[in-house]
Amino acid sequence: MLKIHSRCNLACDHCYVYEHADQTWRDRPAVMSAETVQAAADRIAEHAARHALRQVHVVLHGGEPLLVGADRLRDTLERLRRTIEPVAALDLGMQTNGIRLNESVAEILLSHSVKVGVSLDGGPAANDLRRRYRNGAGSYEQTLRGLAVLRLPRYRTLYAGILCTIDLRNDPVAVYEALAAQEPPHLDLLLPHATWDRPPPRPGPDPTPYASWLLGLHRRWLHDGRPMPIRLFDSIASTRQGGGSGTEALGIDVGDLVVIETDGEWEQPDSMKTVAHGAAGTGLNVHAHDAEAVLATPAMRHRRSGLAGLAAQCRVCPVVAQCGGGLYAHRYRSGAGFDNPSAYCADLKALITTMNAQPQPQTRPAAAIGEVPPLWLDEFGSGPGGAPAVRELAAAQLAITRALLAHVGTGLPPGAELAAAAWPAVDALERQSPGAVADVLAHPYIRPWLATCLRPGPQDPPADLDRLAELVAAIAVRAGAELDVPVALRAGRLHLPTLGTLVPRSAHPTRAVVSSGRDGFTVKAPGVLVEVGPGLADGADGWRPTRTLTLGAGAVFLEDADPYRDCFDRRAAAPLTDPAARTWSASLDQAWTLVQRDAPDYAEGLRAGLRAITPLRSGRDEAMHSATARDAFGAVGVAYTADSAALAVMLVHEFQHSKLGAILDLQDLTDPADRRTFAVGWRDDPRPLEGVLQGTYAHLAVADIWRARARRDPSAVAVYRMYRDWTAAALGVLRGSGSLTAAGERFADALAGAVDRWGD
Ligand code: SF4
Numbered sequence: 003m004l005k006i007h008s009r010c011n012l013a014c015d016h017c018y019v020y021e022h023a024d025q026t027w028r029d030r031p032a033v034m035s036a037e038t039v040q041a042a043a044d045r046i047a048e049h050a051a052r053h054a055l056r057q058v059h060v061v062l063h064g065g066e067p068l069l070v071g072a073d074r075l076r077d078t079l080e081r082l083r084r085t086i087e088p089v090a091a092l093d094l095g096m097q098t099n100g101i102r103l104n105e106s107v108a109e110i111l112l113s114h115s116v117k118v119g120v121s122l123d124g125g126p127a128a129n130d131l132r133r134r135y136r137n138g139a140g141s142y143e144q145t146l147r148g149l150a151v152l153r154l155p156r157y158r159t160l161y162a163g164i165l166c167t168i169d170l171r172n173d174p175v176a177v178y179e180a181l182a183a184q185e186p187p188h189l190d191l192l193l194p195h196a197t198w199d200r201p202p203p204r205p206g207p208d209p210t211p212y213a214s215w216l217l218g219l220h221r222r223w224l225h226d227g228r229p230m231p232i233r234l235f236d237s238i239a240s241t242r243q244g245g246g247s248g249t250e251a252l253g254i255d256v257g258d259l260v261v262i263e264t265d266g267e268w269e270q271p272d273s274m275k276t277v278a279h280g281a282a283g284t285g286l287n288v289h290a291h292d293a294e295a296v297l298a299t300p301a302m303r304h305r306r307s308g309l310a311g312l313a314a315q316c317r318v319c320p321v322v323a324q325c326g327g328g329l330y331a332h333r334y335r336s337g338a339g340f341d342n343p344s345a346y347c348a349d350l351k352a353l354i355t356t357m358n359a360q361p362q363p364q365t366r367p368a369a370a371i372g373e374v375p376p377l378w379l380d381e382f383g384s385g386p387g388g389a390p391a392v393r394e395l396a397a398a399q400l401a402i403t404r405a406l407l408a409h410v411g412t413g414l415p416p417g418a419e420l421a422a423a424a425w426p427a428v429d430a431l432e433r434q435s436p437g438a439v440a441d442v443l444a445h446p447y448i449r450p451w452l453a454t455c456l457r458p459g460p461q462d463p464p465a466d467l468d469r470l471a472e473l474v475a476a477i478a479v480r481a482g483a484e485l486d487v488p489v490a491l492r493a494g495r496l497h498l499p500t501l502g503t504l505v506p507r508s509a510h511p512t513r514a515v516v517s518s519g520r521d522g523f524t525v526k527a528p529g530v531l532v533e534v535g536p537g538l539a540d541g542a543d544g545w546r547p548t549r550t551l552t553l554g555a556g557a558v559f560l561e562d563a564d565p566y567r568d569c570f571d572r573r574a575a576a577p578l579t580d581p582a583a584r585t586w587s588a589s590l591d592q593a594w595t596l597v598q599r600d601a602p603d604y605a606e607g608l609r610a611g612l613r614a615i616t617p618l619r620s621g622r623d624e625a626m627h628s629a630t631a632r633d634a635f636g637a638v639g640v641a642y643t644a645d646s647a648a649l650a651v652m653l654v655h656e657f658q659h660s661k662l663g664a665i666l667d668l669q670d671l672t673d674p675a676d677r678r679t680f681a682v683g684w685r686d687d688p689r690p691l692e693g694v695l696q697g698t699y700a701h702l703a704v705a706d707i708w709r710a711r712a713r714r715d716p717s718a719v720a721v722y723r724m725y726r727d728w729t730a731a732a733l734g735v736l737r738g739s740g741s742l743t744a745a746g747e748r749f750a751d752a753l754a755g756a757v758d759r760w761g762d
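For the sequence shown, this note's numbering gives the first residue as 3, with consecutive numbering after it.
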């Protein structure tokens, strides 16, 4: 966090910089000098190089950062990009009160892709309760003008979200409605800074008023279908499932935030300014000390020590993995330092336990057919789409799969005896273990199977309804439920989706019974008894678990056995031998490293949505080949290549198709009645309009990758230019077609914003 200006044009009475214990701002320069910006950039680049960081995030902050003026802002951004980008991808952000945000400032921010967060506490009355000028006048109207600039199509991709500080005097639902009206891509709710010495105000008899306030807002947000991510709530949902918190305010992730003040002093995060005068200080300065020295200070070591650094009461707390003792500064008490629970302990506990008792939020989609939230169009249209947005898209896909399954399960024809016997168990399994049901149904090759079952007219071969029994058996195994499911073996194999394949060697039965329980499962048939332990890897007699890769932090199936994987425009390869699987795994591992290096923004969405990679047959033409199928969200088919750089491009390219296909399942972006075809740069044959849209979206990402490569390697510039020109030209075709729907226009505006940001 770079404090480029240490004064503010507002005088909010809850501001921790000016109104709390720390007053060091009085002795600092108002503006960070060019020399200090350069020294800070050098230190960041040095640290990124030492640790081979693929990406660093720099947030311009203050005071009010836009008080530096246009020239200083431009110079700061240029220095940061020039110095850091040769070493690591640079994600630039800014936190502002929005008052000085106009179109000429937005042009500067656009040219450097700076994501802008705006502070706003609600509607006019709620906001102006605290966010006022020194003369007492409110700031709401001016901030709203800044937000209106960010909502213009040209600048929408810069709009990061709104940061709102909670005030119990404001009604939570009214605050939510006022903030939602500004269409923020993300919301952040901040508990007002407090310590045990300076506890949060608790007017009234409610012992946990902050939890009550937040839960009121949470209820309304759920009711609205969660139109935008709210970090506090998403963090609790994520840590509930063992994921990271994504914020230093909750959880036990090790914090990675450090502040550089206008005079170059390294400081701990700003919330420490609420603790005591000088409490945030480290005594180190970018002109003399590197980031390594900051990390080695006792204060930074303590705040980064995770569970071990928490108070005894926190370490035994049932929600410690989700709460993590709250924000470090909020634990402070004179005499005891930070060895305390949070001053918000009771509220945090009440909030987390109440949310934990509610159904998992991801079981309910945020979008219905025909109702893609406009913010999704902005977020995905700009290229990547973050992890929360991709998870929402996956939830919408899961809802479609559930609907198709219900259609098949409730309309079984006479004679489908295995399916009819298994189907009633789905309800009970859903109640017992909704996560197991979701895990199996989210497998990308469930829906292609359902699509074949629902194909109208007489079918040859007949619909494979026996697979329903395999699906129920797989859910029961994942749930650890005590259940016997009779199943059929087709062509001598039993496939339990997401779990594995059994090809018995000792006999060749056509029927078997899968018996699941807490300790794994058995498959029994005449002459066959296979026992598979809870790890799914035990067992003999032809059981082979589904191959799984670990790409980044996420598990992805190397799916070479599912009978419905052959849904791409090139045939799927035969199941891999173990040595071939190891070769694939190594190649994909290298490709993933390159995705993270060259397309870190896309990597986040891939990690959240990519579920399966299926080997395809290599063609005689030697050309590299990859594919997606509209019914198989989250699956990518790839013909083997040892070229990991090409493989990285294919993964990103194909996942763009997967995301766009999922959006198109919900809403048309082009007029389906338009049957014209259009010339595009990347193919010899003219394409229908939806094909142009798909190609534009995929090539936008490819251009982004080559742009990143061109920064390091001049020989990549020509390739980048080729993809850039194809994308820009195809975007012109789309916008000139007159056949984009209103949602399509919005999506195209976001695409255009991304293309504009490239400049020359
Ligand atoms: S709820 Fe309280 S005791 Fe539990 S981890 Fe959070 S601050 Fe500590």
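We put the CB at the ideal spot given by N, CA and C, even for glycine. Nothing here was measured: the structure is a model prediction, and the numbers come from that model.
- Val118 counts as buried, since no fewer than 16 other beta carbons sit within 10 angstroms of its beta carbon.
- Counting only the Cα atoms, Gly140 lies some 52 Å from Thr552.
- When distances are taken from the beta-carbon of Val321 to the heavy atoms of ligand 1, the shortest one is below 7 Å.
- Boundaries of the alpha helix (DSSP H) around Cys325: 322–325.
- Sixteen is the threshold: since fewer than 16 other Cβ atoms of the shown chains lie within 10 Å of the Cβ of Ala32, the residue is exposed.
- Residue pairing by DSSP puts Ala514 in a beta bridge opposite Val489.
- Annotation: Tyr604 to His195 spans about 34 Å, alpha carbon to alpha carbon.
- Trp378 carries a helical assignment under DSSP once its states are collapsed to helix, strand and coil.
- Where His63 is concerned, the enclosing beta strand (DSSP E) starts and stops at 57–63.
- Between Leu496 and Gly502, the alpha-carbon positions lie close to 9 Å from each other.
- Assignment of alpha helix (DSSP H) within the region 446–509, counting only whole runs of 4 or more residues, yields 448–455, 469–481 in chain order.
- Sequence-distant Cβ neighbours of Gly100 in its own chain, meaning closer than 7 Å and more than five residues away, are Val120, Thr145, Gly148, Leu149.
- DSSP, reduced to helix, strand and coil, places Asn129 within a helical segment of the structure shown.
- Going by beta carbons, Gly285 and Thr26 fall outside the 8 Å limit.
- By the C-beta criterion, the region 213–232 is judged not to be in contact with the region 252–271, since fewer than 3 inter-stretch pairs fall below 8 Å.
- For Pro211, the closest C-alpha among the options Gly740, Lys351, Ala718 is that of Lys351.
- Distance from the C-beta of Ser344 to the nearest heavy atom of ligand 1 is below 7 Å.
- As the crow flies, the alpha-carbon of Pro458 is around 22 Å from that of Leu666.
- The beta strand (DSSP E) runs lying completely inside the region 97–147 and spanning 3 residues or more are 116–121, given in chain order.
- Here DSSP, grouped into helix, strand and coil, assigns Thr616 to strand.
- Judged by DSSP secondary structure, Phe523 falls within the beta strand (DSSP E) whose first and last residues are 522–527.
- In the DSSP annotation of this structure, Cys166 is not part of any alpha helix (DSSP H); the continuous beta strand (DSSP E) holding it starts and ends at 161–167.
- Distances taken from the Cβ of Lys275 to the heavy atoms of ligand 1 include none shorter than 7 Å.
- Distance check between Arg158 and each of Arg56, Ala91, Glu179, Ser384 places Ser384 closest, using alpha-carbon atoms only.
- The alpha carbon of Ala438 has as its nearest neighbour, out of Leu400, Ala700, Cys455, the alpha carbon of Leu400.
- In terms of Cα proximity to Leu224, the closest of Asp255, Tyr178, Trp198 is Tyr178.
- Residue pairing by DSSP places Ile232 opposite Leu189 in a beta bridge.
- In the DSSP annotation of this structure, Asn287 is not part of any alpha helix (DSSP H); the continuous beta strand (DSSP E) holding it starts and ends at 283–287.
- Shown here, Thr356 sits in a helix according to DSSP, grouped into three states.
- A distance below 6 Å between beta-carbons, with the five flanking residues on each side excluded, links Gly522 to the following residues of its chain, in chain order: Val534, Gly535, Pro536.
- Linking Leu473 to Met230 through their CA atoms gives a straight-line distance of about 33 Å.
- Taking a cut-off of 8 Å for Cβ pairs, the region 638–650 and the region 663–679 do not touch, as fewer than three such pairs fall below it.
- Between the region 324–336 and the region 184–198 there are three or more inter-stretch CB-CB distances shorter than 8 Å, so the stretches are counted as touching.
- Under DSSP, Ala574 takes part in a beta bridge, and its partners are Leu618.
- By the C-beta criterion, the region 674–694 is judged to be in contact with the region 725–744, since at least 3 inter-stretch pairs fall below 8 Å.
- Looking at the DSSP output, His7 bridges to Val33.
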